[in-house]
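Participant: Dumping the structure here so I can ask a few things about it.
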């Protein structure tokens, strides 16, 4: 539901325009000195060019004493200071196209229409904080990413891809059948708002290769384990010690800077300006969430 | 680990060349008349052109009385009659390239080298049986698929994609943050042997679209909910009632009909013929597993 | 760890003398009007005669809009205003007898010594709030309890038992093997601080009965299902529709109003006054936690 | 449902008079040499004086090769050879008093009436096998028990208690709030057929003690940690290194050697001889299940 992980367990909460967003992290080992600056830096990356420039002041509620984790649940929250519910009054009874307005309504029968409520990029804030803490628990692991996006037009929005590489994961990590490391990465990534595709290593391109081309040849023992990394560092669900490489596809931002036809709760269509804007940093912001979810996924295998 | 699902819970077991493969299904509702012919038909599809033509005789051990489910765990097994352990004697201490031999060894320190042990296509048998039962519990749901593969050469192997469509899922199914229906489908699909990519709806192609192109316009109320289905029937992790559409990429079979260099446990390389063959039905067989995993994923949301 | 339940999932956090205690409730259905007065009344019962008379002002952070649940996580917190860390300076390096000081230290290697840190009666506050909400979701269910305790002396502490009766649970609730309703009640009750025993129906006294005395005879069809209720309303792990009856034993408060020998971290013993007091309401306060945990246990079967 | 544990995960199946009972153990570490004689010895204890003297021939299906665990799921089954369904024909539509016949029917709407179906002592066979394997993984741990029962009469049945002591568990094992070691032991024990009470250490007797009597004084550093063990070796949900001591109450066998009134599915009462017998070994057999469940509980904390 709103919990990720089994050992390092993140439970997030908060509507975009409610009092606060926050989370509880259960399972963080005791005795760890938290690097709060690293957390702030990750949050700053997450705000790059964002429409809502809030301070993201984290209030720590439990689990840390004198900067050191206690082993008990770490709770934190960030107030939503910059809420403007009046901006959303016009869409209270409308379902915007491309958004989750309709599906939330069909699931719950009630919804917080303001800013998408829970289905908002605001929710990823807690993931980035937790991901930063997770990464701090794995000093030997490095997670990097690069972005590709097409910036097409000033009056529209774009999507793109994030390519992510994880180094420092030893061989032998993962489960062989249903908790495969690649399968867990897949669900972690597709849980990110706007994610619409996932591939490991050679990915979809591998479907065009012959087996003799695809197979990663063993190295000669002095360098890397394999000469290529088409499998993305995971075989049979378990890491082989090579870099773990995967790519996540994001569809364009669905709040577009153009009038759109919305579906009213009573069934008629209504053309409304939903307040979108051209945004060239969408994928850059997604990248820090990709890295955060990768950290959250991996820490659950490494603890 | 070896369990899939929370409500309809499948636990599989069995090495490829051990005494048997089998499973326990927990959470199947009571009072359901099982269609054993449908199960046989699914297993027959799973064997299409398979190298190992076994009978797949299912022995039912519990949970069903007079053809009706009791609500208690359904256990079944299939004997491995056609095992030829001597075929694998030459690779007992070798790690084949592209296989999970090395990663299993790094994880467990011990392995059943015969036919991949647990990391074998044989393991999918239990998924297909359970998937068929799951589908029988959802009479209003239809799951279909189509295959694309490139049959390149008689002395090599190929990969391909399976496109899957699910109809009959009402709007409102799925969880909004971490148990998103699309994320659960992703992990279900990437858990299939050889799966290397997953995409919903427009998928990776959506990264090249403008927002105004990507957004699915609402229908006019008399036909489908939306005029297009780029999102693949899921928004914010929750179904919208449109067909659920996704695609799974499979890399080529890694047991290729050519001599390959294997890594010996002592570190040297050794060229061996690992017994592969050209196989034009690889993706067709994968398709039934895709459908089975889709059924297993969905029944956990619908029960 | 710090999460209770699978469907109605309570995650609590907070050290006794940290900034706050609080919780996240995941899985609460949408569209429910919360009775905040009922929650306040439960909290008032939980404070009966308590040493620390705080206001318990609940701050609601998410999941509720205009008094109605959204289906999204309900987060709330209560500030710890009345903290006096200086009261605990003398025991910073001591393990009090009977407390969890030593075991926390052995588990975590670090601890918040102030007021027991996490191992404090303060932690039950979140359970009572969540239990009250759970009970509101089951209008047909009534949970009542009675207390027995021996008030022995003005310079010592006492334990006692809480007998609890639940009516309104239909027949057929529970799981037959490992999620037995009685087993889940047992773990829910033994999770309460100071709980040291649990019994259903006739309980330990049943060990002295003959089978012919113990068996609950069927009623004649016009009154109750059975003439007696020695089984406590559960057979084979599943409710039979009779009242569910169980009893929880609580050992005496371990903070006694007498000097006690404490174990220093360096191994020597040190006699210290740990600030206990005679408390005749200990079991009354436990009773509201018993009822709350019963509600939390049951809602997970009924949702 | 039918799975116990999170790390060492036991899933049992099988109706008493179906083809077989069995289980899958997931999470057993690789490379362990199984002591099959120890398993047989545990099963022999479980059969002491049992009405149904079957061979309990275990068929191992997966997860073990050459006597060594592979790290993959261990599956095994035992055939039900000695089934006599005709013995149960007379009660096909009756609910015996004291049994789970009625509650299963209310839950599932269908049942296997033969020998209690799933609600049978036969089900504990798989627990004993798995418990023996769990114990083998903890060579430093010893689990012993003693039985108390009142053998009252040749024409009736009796209950009793099993007192269990576990040594070799280091300090610091357990979770502090909801996965308390004592709470997990409680649910493990109450999951055993006929269990009706559970207490740690001084248990219900502690409710009659003053705090100053109850508190376990620290030892002088040269002997045991504490001079008494009223808490049963667990404080705040976490072990303190002292022996873990608890007691389980079992109600009398409900299949009594006397005619009893049964409830017919159509509502009328019918007096039937349900085939019970005087059985002086009931509690001795329960004791091996108590020890097995203790092992299963503990291994999930120690792995």
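Chains as they are written, first to last, in our numbering: chain A, 2 to 304; chain B, 2 to 304; chain C, 2 to 304; chain D, 2 to 304.
We put the CB at the ideal spot given by N, CA and C, even for glycine.
All values derive from a computational prediction rather than experimental measurement.
1. Which stretch, first to last residue, makes up the alpha helix (DSSP H) that contains residue 214(C)?
2. Considering only residues of the same chain and omitting the five flanking positions on each side of residue 282(A), which have a CB-CB separation below 6 Å?
3. Excluding the five sequence neighbours on either side, which residues of its own chain have a C-beta within less than 8 Å of the C-beta of residue 304(D), listed in chain order?
4. Give the residues of chain G in contact with residue 41(B), contact being defined as C-beta atoms less than 8 Å apart.
5. Ignore the nearest five residues each way along the sequence and tell me which others in residue 33(D)'s own chain have a CB closer than 6 Å to its CB.
6. Just list the residues that DSSP pairs residue 161(C) with in beta bridges.
7. Classify residue 176(B): buried if its beta carbon has 16 or more other beta carbons within 10 angstroms, exposed otherwise.
8. For residue 145(D) versus residue 16(D), is the C-beta spacing smaller than 9 Å?
9. Measure the C-alpha to C-alpha separation of residue 111(B) and residue 257(B) and round it to an integer number of angstroms.
10. Per DSSP, residue 63(C) forms a beta bridge with which residues?
11. For residue 266(A), would you say it is in contact with chain C, using Cβ-to-Cβ distances shorter than 9 Å as the test?
12. For residue 253(B) versus residue 215(A), is the C-beta spacing smaller than 9 Å?
13. Give the straight-line distance between the Cα atoms of residue 226(B) and residue 155(B), rounded to the nearest whole angstrom.
14. By alpha-carbon positions, which one of 47(A), 109(A), 278(A), 45(A) ends up nearest to residue 65(C)?
15. Pick helix, strand or coil for residue 38(A), following the three-state DSSP scheme.
16. Which word fits residue 124(C), buried or exposed, when buried means at least 16 other C-beta atoms lie within 10 angstroms of its C-beta?
17. Is there at least one Cβ from chain D nearer than 9 Å to residue 211(C)'s Cβ?
18. Can you find the residues in the same chain that come closer than 8 Å, C-beta to C-beta, to residue 98(C), ignoring five residues on each side of it along the sequence?
19. Give a yes or no on whether 9 Å exceeds the smallest Cβ distance from residue 7(D) to chain A.
20. Between the beta-carbon of residue 148(B) and the beta-carbon of residue 245(B), is there less than 9 Å?
21. Report yes if the CB atom of residue 104(C) is closer than 9 Å to the CB atom of residue 212(D), and no otherwise.
22. My understanding is that residue 134(B) touches residue 74(B), with C-beta atoms under 8 Å, so please give their C-beta distance in whole angstroms.
23. Can you tell me the Cα-Cα spacing of residue 89(C) and residue 276(C), whole angstroms?
24. I'd like to know if residue 73(C) contacts chain B, where contact means its C-beta is closer than 9 Å to some C-beta of that chain.
25. Measuring straight from C-alpha to C-alpha, what distance separates residue 208(D) and residue 247(D)?
26. For residue 59(C), which of 72(C), 4(C), 106(C), 76(C) has the nearest alpha-carbon?
27. So residue 183(A) is in the alpha helix (DSSP H); what residue range does that whole segment cover?
28. Assuming residue 125(C) is part of the beta strand (DSSP E), what are its boundary residues?
29. Compare the C-alpha of residue 1(C) against each of 3(C), 78(C), 72(C), 106(C) and name the closest.
30. Let me check one thing: in DSSP terms, what residues is residue 260(D) bridge-paired to?
31. Let me check understanding here. Comparing Cα to Cα, which of 20(A), 83(A), 128(A), 5(A) lies closest to residue 41(A)?
32. For residue 63(D) and chain B, any beta-carbon pair shorter than 9 Å?
33. For a contact meaning CB atoms closer than 7 Å, what does residue 13(B) contact in chain A?
34. Check for me: the beta strand (DSSP E) holding residue 24(D) runs from which residue to which?
35. Considering only the alpha carbon of each residue, which of 14(D), 22(D), 196(D), 43(D) lies closest to residue 296(D)?
36. Measuring CA to CA, which of 240(D), 228(D), 210(D), 39(D) is closest to residue 217(D)?
Facilitator: According to the structure data:
1. 212 to 215
2. 49, 50
3. Closer than 8 Å at Cβ, skipping near neighbours: 8, 9, 28, 30, 138.
4. Reference to chain G is not applicable here, since the protein chains of this structure are A, B, C and D.
5. Take residue 33(D), set aside five residues on each side of it, and the residues of its chain with a beta-carbon closer than 6 Å to its own are 70, in chain order.
6. 150(C), 251(C)
7. buried
8. For residue 145(D) and residue 16(D), no; Cβs fall outside 9 Å.
9. 25 Å
10. 76(C)
11. no
12. yes
13. Within the model, the alpha-carbon separation for residue 226(B) versus residue 155(B) is close to 46 Å.
14. That would be 109(A), whose Cα lies nearest to the Cα of residue 65(C).
15. helix
16. Under a 10 Å Cβ-count criterion, residue 124(C) is classified as buried, with 16 or more other Cβ atoms of the shown protein chains found around its own Cβ.
17. yes
18. 255, 261, 262, 263, 264
19. yes
20. The Cβ-Cβ distance between residue 148(B) and residue 245(B) does not fall below 9 Å.
21. If you check the CB distance, residue 104(C) and residue 212(D) do not come in under 9 Å.
22. Contact doesn't hold; Cβ gap of about 12 Å is too wide.
23. The straight-line gap separating the alpha-carbon atoms of residue 89(C) and residue 276(C) is approximately 10 Å.
24. yes
25. 16 Å
26. 76(C)
27. Residue 183(A) -> alpha helix (DSSP H) spans 182 to 191.
28. Segment 125 to 137 is the alpha helix (DSSP H) holding residue 125(C); no beta strand (DSSP E) there.
29. Shown here, chain C extends from 2 to 304; a query on residue 1(C) therefore has no answer.
30. 274(D)
31. 128(A)
32. yes
33. 178
34. 21 to 27
35. 43(D)
36. Nearest to residue 217(D) by alpha-carbon distance, out of 240(D), 228(D), 210(D), 39(D), is 228(D).
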